[in-house]
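Sequential numbering of the sequence shown, starting at 1, is according to UniProt numbering. Heads up, the beta-carbon is just placed ideally off N, CA and C, and yes, glycines get one too. Read the structure below first, then the notes.
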Amino acid sequence: MPIYDYNCQGCGHPFEALVRAGSTPACPQCGNTALEKQVSRLAPAGKIEAIRMAHRRVAAAQGHLDHYSPSDKAKLLQGKKNI
Numbered sequence: 001m002p003i004y005d006y007n008c009q010g011c012g013h014p015f016e017a018l019v020r021a022g023s024t025p026a027c028p029q030c031g032n033t034a035l036e037k038q039v040s041r042l043a044p045a046g047k048i049e050a051i052r053m054a055h056r057r058v059a060a061a062q063g064h065l066d067h068y069s070p071s072d073k074a075k076l077l078q079g080k081k082n083i
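Set out below in structure tokens:
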């Protein structure tokens, strides 16, 4: 399910919505379905890497990286190896 940016034509409220195929989103503020789809901004490259590393730290804390050797696990947590 992709996330889309919308602008409500009724009240002007900008928002993001996770949309399933074939469904019509509604404005969370006024409930209007007359929406204008907006062009989404891309995350800067540095931010994407920061998000990836945050997810790896959470996975390690939950034990999801325990099947890696200690050296590979350290590389993953330093961002030196792709999964």
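Here the C-alpha atom of residue 50 lies approximately 17 angstroms from the C-alpha atom of residue 41. The Cβ neighbour count for residue 11, taken over all protein chains shown within 10 Å, is under 16; the residue is labelled exposed.
Sequence-distant Cβ neighbours of residue 29 in its own chain, meaning closer than 6 angstroms and more than five residues away, are 11 and 13.
Nearest in C-alpha terms to residue 7, of all of 27, 22, 19 and 21, is 27. For residue 73, the enclosing alpha helix (DSSP H) starts and ends at 70–78.
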